[in-house]
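Colleague: Residue numbers (the numbering used here), protein chains in the order written: chain A, 1086 to 1649; chain B, 1086 to 1649.
2 protein chains.
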Amino acid sequence: MSEPSLDARALVDAEPVWWGWRRADEHTELPAAVRALLVDGLGFVERLSPPVDLADVRLPPSRLPEPARADLASAIGPEQVLLDRVARIRHCGGRSTTDLLALRAGDAAAAPDAVLTPAGHDEVAAVLAVCAGHRVAVVPYGGGTSVVGGLAPPHAGYEAVVALDLRRLNRLLDVDTVSLTATLEPGLSGPAAEALLAEHGLTLGHVPQSWEYATIGGFAATRSSGQASSGYGRFDAVVVGLRVATPIGGWELGRAPASAAGPDLRQLVLGSEGAFGVITAVRVRVRPVPERRRYESWRVDDFATGLAALRALAQRDLLPTVARLSDEVETAAGAASPPSAAGPPGAAGAAGATDGPDGTNQGDGVEVPAGGCQIVLGYEGTPERVERQADDVAALLGAQGGRPLGADAGWAWVRGRFHGPRLRDALLDAGMFAETLETATFWSGVDGLYAGVRGSLAKSYAAAGVPAVVMCHVSHLYPTGASLYFTVVAGHSEDRAAAWAAAKAAASDAIVAAGGTITHHHAVGTDHRPWLGAEIGDVGVTVLRAVKRALDPTGILNPGVLIP
Amino acid sequence: MSEPSLDARALVDAEPVWWGWRRADEHTELPAAVRALLVDGLGFVERLSPPVDLADVRLPPSRLPEPARADLASAIGPEQVLLDRVARIRHCGGRSTTDLLALRAGDAAAAPDAVLTPAGHDEVAAVLAVCAGHRVAVVPYGGGTSVVGGLAPPHAGYEAVVALDLRRLNRLLDVDTVSLTATLEPGLSGPAAEALLAEHGLTLGHVPQSWEYATIGGFAATRSSGQASSGYGRFDAVVVGLRVATPIGGWELGRAPASAAGPDLRQLVLGSEGAFGVITAVRVRVRPVPERRRYESWRVDDFATGLAALRALAQRDLLPTVARLSDEVETAAGAASPPSAAGPPGAAGAAGATDGPDGTNQGDGVEVPAGGCQIVLGYEGTPERVERQADDVAALLGAQGGRPLGADAGWAWVRGRFHGPRLRDALLDAGMFAETLETATFWSGVDGLYAGVRGSLAKSYAAAGVPAVVMCHVSHLYPTGASLYFTVVAGHSEDRAAAWAAAKAAASDAIVAAGGTITHHHAVGTDHRPWLGAEIGDVGVTVLRAVKRALDPTGILNPGVLIP
Chain A
1086 MSEPSLDARA LVDAEPVWWG WRRADEHTEL PAAVRALLVD GLGFVERLSP
1136 PVDLADVRLP PSRLPEPARA DLASAIGPEQ VLLDRVARIR HCGGRSTTDL
1186 LALRAGDAAA APDAVLTPAG HDEVAAVLAV CAGHRVAVVP YGGGTSVVGG
1236 LAPPHAGYEA VVALDLRRLN RLLDVDTVSL TATLEPGLSG PAAEALLAEH
1286 GLTLGHVPQS WEYATIGGFA ATRSSGQASS GYGRFDAVVV GLRVATPIGG
1336 WELGRAPASA AGPDLRQLVL GSEGAFGVIT AVRVRVRPVP ERRRYESWRV
1386 DDFATGLAAL RALAQRDLLP TVARLSDEVE TAAGAASPPS AAGPPGAAGA
1436 AGATDGPDGT NQGDGVEVPA GGCQIVLGYE GTPERVERQA DDVAALLGAQ
1486 GGRPLGADAG WAWVRGRFHG PRLRDALLDA GMFAETLETA TFWSGVDGLY
1536 AGVRGSLAKS YAAAGVPAVV MCHVSHLYPT GASLYFTVVA GHSEDRAAAW
1586 AAAKAAASDA IVAAGGTITH HHAVGTDHRP WLGAEIGDVG VTVLRAVKRA
1636 LDPTGILNPG VLIP
Chain B
1086 MSEPSLDARA LVDAEPVWWG WRRADEHTEL PAAVRALLVD GLGFVERLSP
1136 PVDLADVRLP PSRLPEPARA DLASAIGPEQ VLLDRVARIR HCGGRSTTDL
1186 LALRAGDAAA APDAVLTPAG HDEVAAVLAV CAGHRVAVVP YGGGTSVVGG
1236 LAPPHAGYEA VVALDLRRLN RLLDVDTVSL TATLEPGLSG PAAEALLAEH
1286 GLTLGHVPQS WEYATIGGFA ATRSSGQASS GYGRFDAVVV GLRVATPIGG
1336 WELGRAPASA AGPDLRQLVL GSEGAFGVIT AVRVRVRPVP ERRRYESWRV
1386 DDFATGLAAL RALAQRDLLP TVARLSDEVE TAAGAASPPS AAGPPGAAGA
1436 AGATDGPDGT NQGDGVEVPA GGCQIVLGYE GTPERVERQA DDVAALLGAQ
1486 GGRPLGADAG WAWVRGRFHG PRLRDALLDA GMFAETLETA TFWSGVDGLY
1536 AGVRGSLAKS YAAAGVPAVV MCHVSHLYPT GASLYFTVVA GHSEDRAAAW
1586 AAAKAAASDA IVAAGGTITH HHAVGTDHRP WLGAEIGDVG VTVLRAVKRA
1636 LDPTGILNPG VLIP
């Protein structure tokens, strides 16, 4: 039995600092190379902007009425109804940059009035019954990593708002080694789920950038897609069964991998963002821990060439486990600032992979040529499959104008795969700004979508007089289309949140105009809600509202998200 | 550019006889080998039972009120509102054996009061508006091949019932050769769609047994799965976009292959069986017409060995384009009665496949060993891919106890792939009976599901004193599970429909008890509706009803199907 390919056990209980992404035991300073690039090279203004002290955070008093508190205490135990300052601040909002700017400034006005930690499906159901009776809004809470305002209900119209923290629903309920499925509770974090599966020689392989903290329930509720989606599948594609607690009763779905017994209602729960019910168990497809992992990097002359190459891989059923392409700007930025320079300790390298990076010189020492666009490819599986697939891909990429750069830059990407949000912490400390957004469309529309979104972001920052860099990569590939993931890094400005809000609105308009989806894997939350109607139409909005009314007649479930 | 792998052009306008499955220019007699097996070998009673003459069919007068007729005539043209006897009888019910027994006996009580043939999305929308205003039930009608009572609305409670025949929505609206998608109108039959795509060197590859008549809209509305589902995907897996006419307005879905913009509402339309709206366009993934097709047969000692072998293929990502396993009874029946003996002319062999069966001796001359279980495998794609995949599969099957039988029996299956329903015509002519049902579950439950359903069918016929043969095959495979497809052939009995109804109810109860889905690819219709609640729960039923109420407030759309 192989070791898991990620250092899951060390991260089972990982928790970020209350104001950012890094863990308390980590230090993330702005690397000198990044400062040189941004300040010296691009003229970004830097201004030291540390977060306030926890003691200085402004937190409104809890509004939870005593009768509601008493009923909740009798439903799940008084010690599971948390009203203390730290618990409430820790559950305030998600991890968008806008959320972090508010927290860092000491604004916890959006904090829940209480944090509940029920222990299982029945207790979750009991919480919903109590909250429906007292008109208390319930925000299902997993890893708290939403970047779309998914954890920010309006307090108006409710007696109180509670965060329903699912951390105690953290069991591996079942492993079916014949069907190769596992049933997981929603509060398991990415590392916790992998650590439990690894005891059976299995892996889920779902590794989004939020993997360290995000949970199984969150992956399902937001239609998450991991960095290895080409090999292991989007999360919605690996879910075969669900259990949900709704205000009108329990709901179990999934008697077969596929069915013609009416609409696939699993696909109505996936992406429901806590607005239809609380997911209390998820049955997923799992695979044997890969015997071999191979990562490597390629270079192509330009983004268009890279897109054509990835499209060819996708349409000829040749996609590796991981396949990503950075545009010219992201490639240049990556070369100037190797991510491994500040990579998190827990994610540094693979434990036990037979051809892992151990013993080779990665990170700072990786030499990459200037210019062009970087492609990172990863292969996981049996040794024969990995090598043969890599040969096939190499033949195709070579024919499409790609140049192999070898393993070092590939493994450097692996080591730095969770680095982005830590760099954001450092940029915010320096008074600068970083945020991301993503979309997807069919291949014939990718060029137009890229140009439209990129242009709108750049134009918005230029209009505000704030220097900014807009980068993009493609990391989720399908035979019929692909995702685009944009990163914006900007210098200091008077109101960083307002500058981003304007740019994000312009980008969202551009996405709609170009025919893309408003989000490929970050969910709708409150941030994308104004644009959802353009995507699913008036009829779609009517359907979502009807389902919401049927499942949550008192409207207590995560109000404000998803449904226009 | 290769020729399509199916003889699509010859079948573009294929239409079955009004009382059965064969075309008017075909003759299907009970093959001598089948008669010998059933009558001489198993003691089945045979009794000549031809269908009544068309002139003797009992058809109630049309109830369509004149004001409704006039409004419909002005919406789509008077010549598109068909009230004539033949049109109404031809749209009476679907093609379940129960439907055919009624038709053959001259009972057309379930016929619609009129048949409408609108020309496009806007005319469909206009029809819905008129029918909502006049309280006229609308049954969307494609190929008329439902085997689950999907075309049998109750007349009570409505002023009239009309069949909305989509045959004039028969265009290929768009081919996107960059994204490899095509947008098809719903009235295109399987052959018509393939013939249009073949002009672009493309194929959909969706070939259920009903392919000759069934339509794109029907494939979508029923979550159809084709014989090559392992290679080309279930229909719901290849749909990337949909246009729907609903009573509350038009609806367009699908801006990307995948999205996190809330629940995947495409998956709510797929499988909606005409109860939520009328699908007026479907955008699907397409592929290049395969350069090579390779079919072959294998034999394993028993069904359990075959299941284990197919499971290994599915879980190691080695599934060929077609993979099917017959149990011992179906294998023996197939050996006794080679399907190619009575295969339809239009489906005989491949046109232009580079290594097709041309020139080799298939059909009657195929020699197969007695005993064990047959596996049929088909590979379609580039020559290198086909040969390499076949080598990989051969290595695995050999290790799992399989013995290769070569290409002849594989190509014999290809030639006979549309034969089953024609044999049913012949059996009904002989006063005997044949019908099928199907289900699916996860691999760990397949043995129990097989035993439960098989046993319940056999026991029900035994209790009725009717000799019957129960056969099964597996033809849709997933990493986590598989489908089971049962065929029942029975001798003559006083009330063949009643005997089947009892057996089908027992089998449906057994499916629920064993944890399977009530249907893997035939849809719910009216036949499976009593068992749907056990599968999706009270909460699921509440959701379906809420969506129905929202989209179809006057309840005119295909009433009686799907929703308990």
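Glycine residues also receive a C-beta, built at the ideal position from the N, C-alpha and C atoms.
(1) If I measure Cβ to Cβ from threonine 1639 (chain B) and keep anything under 6 Å in the same chain, skipping five residues before and after, which residues do I get?
(2) Reducing DSSP to helix, strand and coil, say where isoleucine 1364 (chain A) ends up.
(3) Can a CB atom of chain B be found closer than 9 Å to the CB of glycine 1428 (chain A)?
(4) Work out the CA separation of alanine 1547 (chain A) and valine 1224 (chain B) for me, nearest whole Å.
(5) In the DSSP output, which residue or residues are listed as bridge partners for alanine 1330 (chain B)?
(6) Considering only DSSP beta bridges, list what histidine 1558 (chain B) is partnered with.
(7) Could you check where the beta strand (DSSP E) with tyrosine 1380 (chain B) kicks off and where it finishes?
(8) If you measure between the beta carbons of leucine 1289 (chain A) and alanine 1267 (chain A), is that distance less than 9 Å?
(9) Using 9 Å as the limit for Cβ to Cβ distance, is valine 1407 (chain A) near chain B?
(10) For valine 1200 (chain B), which residues from the same chain have a beta carbon less than 6 Å from its beta carbon, with the 5 sequence-adjacent residues on both sides left out?
(11) Starting from leucine 1338 (chain A), find everything on chain B with Cβ-Cβ shorter than 8 Å and list it in chain order.
(12) Go ahead and pull the three-state DSSP assignment for arginine 1253 (chain B).
(13) Can you name, in chain order, every residue of its own chain whose Cβ lies under 7 Å from the Cβ of alanine 1397 (chain B), other than the five neighbours on each side?
(14) What beta strand (DSSP E) runs, 3 residues minimum, are completely inside the stretch 1502-1536 of chain A?
(15) Evaluate threonine 1183 (chain A) with the Cβ neighbour count: other Cβ atoms within 10 Å of its Cβ, from every protein chain shown; 16 or more gives buried, anything less gives exposed.
(16) My assumption, with CB atoms under 8 Å, is that histidine 1285 (chain A) sits in contact with valine 1325 (chain A). Please give the rounded CB distance.
(17) So what's serine 1274 (chain A) in DSSP terms, helix, strand or just coil?
(18) Quick one: list the residues of chain B neighbouring threonine 1655 (chain A), beta-carbon separation under 7 Å, in chain order.
(19) To the nearest angstrom, how far is the alpha carbon of alanine 1417 (chain A) from that of serine 1315 (chain B)?
(20) Please report the straight-line C-alpha distance between leucine 1508 (chain A) and glycine 1600 (chain B), rounded to a whole angstrom.
(21) Sort B:Asp1623, B:Thr1611, B:Asp1192 by Cα distance to tryptophan 1336 (chain A) and report the nearest one.
(22) Have a look at the DSSP bridge pairing and note the partners of threonine 1266 (chain A).
(23) By DSSP, does alanine 1479 (chain B) sit in helix, in strand, or in coil?
(24) Would you kindly report the start and end of the unbroken beta strand (DSSP E) that includes glycine 1463 (chain A)?
(25) DSSP puts arginine 1108 (chain A) in a beta bridge; with which residues?
(26) Does aspartate 1349 (chain A) have its Cβ less than 9 Å from a Cβ in chain B?
(27) Please check if any C-beta of chain A sits within less than 9 Å of the C-beta of glutamate 1358 (chain B).
(28) With three or more beta-carbon pairs closer than 8 Å as the criterion, would you say the stretch 1569-1588 of chain B touches the stretch 1154-1163 of chain B?
(29) Tell me, please, which residues DSSP counts as bridged to tyrosine 1226 (chain B).
(30) With DSSP as the reference, identify every bridge partner of aspartate 1192 (chain A), one or two as the case may be.
(31) Go ahead and label valine 1609 (chain B) buried or exposed: buried means 16 or more other beta carbons lie within 10 angstroms of its beta carbon, across all protein chains shown.
(32) Determine the burial state of alanine 1121 (chain A): buried for a count of at least 16 other Cβ atoms within 10 Å of its Cβ, exposed for fewer.
(33) Can you have a look at leucine 1236 (chain A) and say buried or exposed, based on whether 16 or more other CB atoms are within 10 angstroms of its CB?
(34) Could you run through the stretch 1374-1385 of chain A and flag, in chain order, every residue whose CB is less than 9 Å away from some CB of chain B?
(35) So leucine 1236 (chain B) is in the alpha helix (DSSP H); what residue range does that whole segment cover?
(36) Whose Cβ in chain A lies nearer than 7 Å to the Cβ of valine 1565 (chain B)?
Modeller: In terms of the structure at hand:
(1) Ala1217
(2) strand
(3) Here the model assigns glycine 1428 (chain A) a pLDDT of 41, short of 50, so the residue's position is not dependable and the matter cannot be decided.
(4) 56 Å
(5) B:Gly1335, B:Val1363
(6) B:Ser1411, B:Tyr1570
(7) 1377-1385
(8) yes
(9) no
(10) Leu1167, Ala1172, His1176, Ala1248, Asp1250
(11) Ile1621, Gly1622, Gly1625
(12) coil
(13) Leu1481, Gln1485
(14) 1518-1527
(15) buried
(16) With 8 Å as the limit, histidine 1285 (chain A) and valine 1325 (chain A) do not qualify as a contact, their Cβ atoms being about 17 Å apart.
(17) strand
(18) Here chain A covers residues 1086 to 1649 and nothing more, so residue 1655 (chain A) does not appear.
(19) 42 Å
(20) 49 Å
(21) B:Asp1623
(22) A:Asp1261, A:Arg1370
(23) helix
(24) 1458-1466
(25) A:Pro1101
(26) yes
(27) yes
(28) no
(29) B:Asp1250
(30) A:Arg1143
(31) buried
(32) exposed
(33) buried
(34) none
(35) Leucine 1236 (chain B) -> no alpha helix (DSSP H), and no H or E assigned at all.
(36) The sequence shown places threonine at residue 1565 (chain B), rather than the valine named in the question. In chain order: Ser1264, Leu1265, Thr1266, Val1325, Pro1342, Arg1370.
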